[in-house]
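Quick notes on the structure that follows.
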Amino acid sequence: MQVQAMHFKARAGEKLADRRLQQNLKKLATKFVTGRAAAITELDDFEATREAAKERRMRAIENLDVWLETFEQEANRRGATVLYAQSAQDAAQLVVQIAQRHEVRKAIKSKSMVSEEMALNAALEAAGVHVVETDLGEYILQINDNEPPSHIIAPVVHKDKEEISELFARVHGKPRLSDIEQLAHEAREVLRPQFLAADMGITGGNFIVAETGSVAIVTNEGNEGMCTIVPPKVHVVVTGIEKVLPTLEDLATVMRLLPRSATGQSISNYFSLLTGPRAPDEQDGPEHMYFVLVDGGRSSLIGGEFQDMLRCIKCGACMNHCPVYQKIGGHAYGWVYPGPMGSVLTPSYAGVRDALDLPQASTLCGECHVVCPVKIPLPDLLRKLREKQFEGKMRPEAEYFGFSLWAYFATRPALYALASGLGARVLRWMGGSKKTISRLPFGGGWTDTREMSAPSGKTFRELYRQHRRRHQQEGK
Amino acid sequence: MQNGFRVGLFYTCLVDLMRPEIGFAALKLLEASRCEVVVPESQTCCGQPAYNSGDRHVARELAEKFVREFESFDYVVIPSGSCGGMVRAHYLDLLSDDPQWRARMESLAQRVYELTDFLHTVVKFRQSPNAGAGGFQGTVTYHDSCSGLRELGVQQQPRALLRQMPGVRLTEMKDCRNCCGFGGTFAVKYGEISAAIADEKCTNIHASGAQAVVLGDLGCMLHIEGRLRRTGDDKTRVLHVAQVLAGEG
Chain A
-1 MQVQAMHFKA RAGEKLADRR LQQNLKKLAT KFVTGRAAAI TELDDFEATR
49 EAAKERRMRA IENLDVWLET FEQEANRRGA TVLYAQSAQD AAQLVVQIAQ
99 RHEVRKAIKS KSMVSEEMAL NAALEAAGVH VVETDLGEYI LQINDNEPPS
149 HIIAPVVHKD KEEISELFAR VHGKPRLSDI EQLAHEAREV LRPQFLAADM
199 GITGGNFIVA ETGSVAIVTN EGNEGMCTIV PPKVHVVVTG IEKVLPTLED
249 LATVMRLLPR SATGQSISNY FSLLTGPRAP DEQDGPEHMY FVLVDGGRSS
299 LIGGEFQDML RCIKCGACMN HCPVYQKIGG HAYGWVYPGP MGSVLTPSYA
349 GVRDALDLPQ ASTLCGECHV VCPVKIPLPD LLRKLREKQF EGKMRPEAEY
399 FGFSLWAYFA TRPALYALAS GLGARVLRWM GGSKKTISRL PFGGGWTDTR
449 EMSAPSGKTF RELYRQHRRR HQQEGK
Chain B
901 MQNGFRVGLF YTCLVDLMRP EIGFAALKLL EASRCEVVVP ESQTCCGQPA
951 YNSGDRHVAR ELAEKFVREF ESFDYVVIPS GSCGGMVRAH YLDLLSDDPQ
1001 WRARMESLAQ RVYELTDFLH TVVKFRQSPN AGAGGFQGTV TYHDSCSGLR
1051 ELGVQQQPRA LLRQMPGVRL TEMKDCRNCC GFGGTFAVKY GEISAAIADE
1101 KCTNIHASGA QAVVLGDLGC MLHIEGRLRR TGDDKTRVLH VAQVLAGEG
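If you want it as structure tokens, here you go:
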């Protein structure tokens, strides 16, 4: 996927002005935030489970090469093929080659954010393979001119029922429906023949399990089963190399947290653990099973200051709880992953210089860290990215000038006292009789959207000195 | 009579420049708690703006300056969760590469307190029955500022103290723990997003029916007040918790 993160500011402005979007984004707080808060109380000891999940994910990441090798051996032993791709583009080409080898004309796909990194649909279509998205949200986006998802779990969270109803009527050429159940039914009718006619099923992988060579897939619609078990002769799993877990025990631990953190569900409606292609004595499953494991920048984080990010289980809780995401939605972030996790991943995978706004566009409120099921210190990682920008001379000149001027005074108390005393007086003068500043020269960033009530004209330092003097005189 | 605690007051750069009265309110509360309060003259800023903007070098210089100025006190009290969080949660990160500085900071960190945390937890502050006369009277709602809440665990302390105030009634607003959208330089760099987040907070403040929103951080305070006034609310008071507790709001 092409990076558009450099347009963050302009896009965020458009999103703020979009009243319909603003209304639709309220669902985040009412559905996901309250849902998660209730769901985590079901666990006897949520904090201990969180700590355990973090440790199990770190065990996988710290010895990633070992676990990937184990995974590969076990998957091979069960008849699956494991392929590695250094870049997302390479991964797309691998999938195209698999499709060509098996003479695939039609592919059905369940939800995968890694496939968005790969721009997989475009690559397959270019090679003459027709791809149909089968996750309802992703299907809606696909028929809406391949619109990108705005959320990793709820890809159409930015749309309301009416928009989808209009879209279905237009694209399906059927009478307009207003009931959500009826709309889902209509999508099901359109998708069913696609499932039956497909030669290849493509899925993501929430996790891959080293000890058994399996893939774990979580959905609420059961479409992953249709994509892997029903008709296709080929199943391709595309996922990131960091998604490996050593054991099924590890999987059980993180699965206690994934649905609860993501959607506030105790467990997702469907959960598939798929191991190898169909064996001779088995009735369902594909004839061929492939894993395409994508690096795409991940290995460069290992052992470095952003390694913590690799334990992410892609639940989306950080974006659901982010005050900035809640106001602008996912599209403004300009790449595959939005919200706080995206503000770390986009610069890491797609380039720091193309995403200068993302680490800055956070209040560092810390809620993303609080809700993260694997305790990723997202605010610290964002701050580290800011350091990278600052040290790499990627900030505007004025920022360096401003900081060095400020630092010059802040480290020289006598000069600082003079300057702040002068500042307090200037601000009082600017406040005038209303004692309010509505336009601050060089401070438009503040006063474009807010008033500033003016100070009384003397600093605490000065007033305290007077206070002490008075005190001493009274004492005498 | 003194309680024997020698307390260093770090009044913060924003209080110094914008609202000195909050510094005096803090001073009054600490003296009422029978602490010997010292206000080091050479203090300037904790360095958070530099730290959060990626300028580690300057942030570190100011961290060392802070340690030198304040390590001799029994306690250091700061009327701001944000600056308190910077000192207690982040200075160790800044000084981690030097064992000596790290050791000095480790010993200091546990003696640094946000004002209400200090009053409630350390000195077990009891309000006198005739406190608050002449100060703010009425219904207040408390906004939990992010750093104080999430980095220092300041949540019950200010509420417990406010409940002791004669004439002050505390009512909770919806989503009191949600960020107000200030975020330091974020407020200036992304003013529109910042204002949109503040509007949510303002709506919740209004819906609470409180006459004043009370909080413990000057940044959030100037931001919420500025947004309330710009959107036509000239009535709702925006007060620092120290002002209310000192009967000076």
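Chain order of the listed sequences is A and B.
In this text, residue positions in the first sequence follow our numbering: the first is -1, and each later residue adds one.
In this text, residue positions in the second sequence follow our numbering: the first is 901, and each later residue adds one.
All C-beta atoms in this analysis are idealised placements derived from N, C-alpha and C, irrespective of residue type, glycine included.
Every value quoted in this text rests on a predicted model; they were computed, and no experiment measured them.
List, in order along the chain, the chain A residues whose C-beta lies closer than 9 Å to that of Ser1108 of chain B?
Under the 9 Å cutoff, chain A gives no residues; its nearest Cβ is about 17 Å from Ser1108 of chain B.
Quick one: grab the DSSP three-state call for Phe1086 of chain B.
helix
How many angstroms separate the CA atom of Leu1061 of chain B from the CA atom of Gly1081 of chain B?
26 Å
Can you list, in chain order, the residues of its chain whose CB lies under 6 Å from that of Lys52 of chain A, leaving out five sequence neighbours each side?
Val372, Lys373
Closer than 8 Å by C-beta to Tyr951 of chain B: which residues in its own chain qualify, once you throw out the five before and the five after it? Chain order, please.
Within the same chain, Tyr951 of chain B has close Cβ partners Ala959, Met986, His990, Leu994.
Any contact of the segment 1001 to 1014 of chain B with the segment 1069 to 1085 of chain B, i.e. 3+ C-beta pairs under 8 Å?
no
Round the Cβ separation of Ala1175 of chain B and Gly947 of chain B to the nearest angstrom and send it over; I've been treating them as touching at under 8 Å.
This structure does not reach residue 1175 of chain B, given that chain B is present from 901 up to 1149, and the question cannot be answered.
Is the number of C-beta pairs between the segment 140 to 153 of chain A and the segment 101 to 115 of chain A that are closer than 8 Å three or more?
yes
What is the residue span of the beta strand (DSSP E) that Tyr911 of chain B lies within?
Run containing Tyr911 of chain B: none; DSSP gives neither H nor E here.
Same chain only: Cβ atoms within 7 Å of Arg393 of chain A, ignoring 5 sequence neighbours per side
Gln387
Since Pro979 of chain B and Tyr911 of chain B are thought to touch, with beta carbons under 8 Å apart, how far apart are those beta carbons, to the nearest angstrom?
Indeed they touch by this definition, with Cβ atoms about 7 Å apart.
Determine, using beta carbons only, whether Asn204 of chain A and Ile300 of chain A come nearer to each other than 9 Å.
no
Which class does Leu354 of chain A belong to by DSSP, given the choice of helix, strand or coil?
Three-state DSSP puts Leu354 of chain A in coil, outside helix and strand.
Starting from Thr457 of chain A, trace the beta strand (DSSP E) both ways and give me its first and last residue.
Premise fails: Thr457 of chain A is in no beta strand (DSSP E) and is neither H nor E.
Within a Cβ cutoff of 6 Å, which residues of the same chain sit near Val369 of chain A, ignoring the five residues on either side of it in sequence?
Ala315, His319
Taking all protein chains shown into account, decide if Ser108 of chain A is buried (16 or more other Cβ within 10 angstroms of its Cβ) or exposed.
buried
What are the uninterrupted segments assigned as alpha helix (DSSP H) that are 4 or more residues long and contained completely in the segment 1066 to 1146 of chain B, given in chain order?
1086 to 1089, 1091 to 1108, 1118 to 1130, 1141 to 1145
Beta-carbon gap between Leu291 of chain A and Ser341 of chain A smaller than 9 Å
no
Neighbourhood of Gly33 of chain A by C-beta distance below 8 Å, restricted to the same chain and skipping five residues each side
Thr261, Gly262, Gln263.
Please confirm whether Arg48 of chain A has its beta-carbon closer than 9 Å to some beta-carbon of chain B.
no
Thinking C-beta only, is Val242 of chain A closer than 9 Å to Ile200 of chain A?
no
Counting contacts by CB-CB distance shorter than 9 Å, is Thr28 of chain A in contact with chain B?
no
From Arg254 of chain A to Ala214 of chain A, what does the alpha carbon distance come to, in whole angstroms?
14 Å
Would you say Asp997 of chain B reaches chain A, if we count a Cβ-Cβ gap shorter than 9 Å as a contact?
For Asp997 of chain B, the answer is no, since every Cβ of chain A falls outside 9 Å of its Cβ.
Contact set between the segment 356 to 368 of chain A and chain B, restricted to residues whose Cβ is under 8 Å from the partner:
Correct list: Gln358, Ala359, Ser360, Thr361, Leu362, Cys363, Gly364, Glu365, His367, Val368.
Just to confirm my understanding: we take Ala121 of chain A, look at its own chain, exclude 5 residues before and 5 after, and list those with CB closer than 6 Å. What are they?
Ala90, Val94
Just verifying my parser: in three-state terms, what is the DSSP assignment at Val1022 of chain B?
Three-state result, Val1022 of chain B: helix.
Using a Cβ cut-off of 9 Å (strictly closer), state whether Phe378 of chain A contacts chain B.
It is Asp, not Phe, that sits at residue 378 of chain A in the sequence shown. Chain B, which has a Cβ nearer than 9 Å to the Cβ of Asp378 of chain A, makes this yes.
Since Ile326 of chain A meets chain B, which of its residues come closer than 7 Å, beta carbon to beta carbon?
Ile1093
In this structure, how does DSSP classify His1043 of chain B when only helix, strand and coil are distinguished?
Three-state result, His1043 of chain B: coil.
Can you check which of these residues, A:Pro338, A:Glu209, A:Glu179, is closest to Gly364 of chain A by C-alpha distance?
A:Pro338
Can you tell me where the alpha helix (DSSP H) holding His170 of chain A begins and where it ends?
159 to 170
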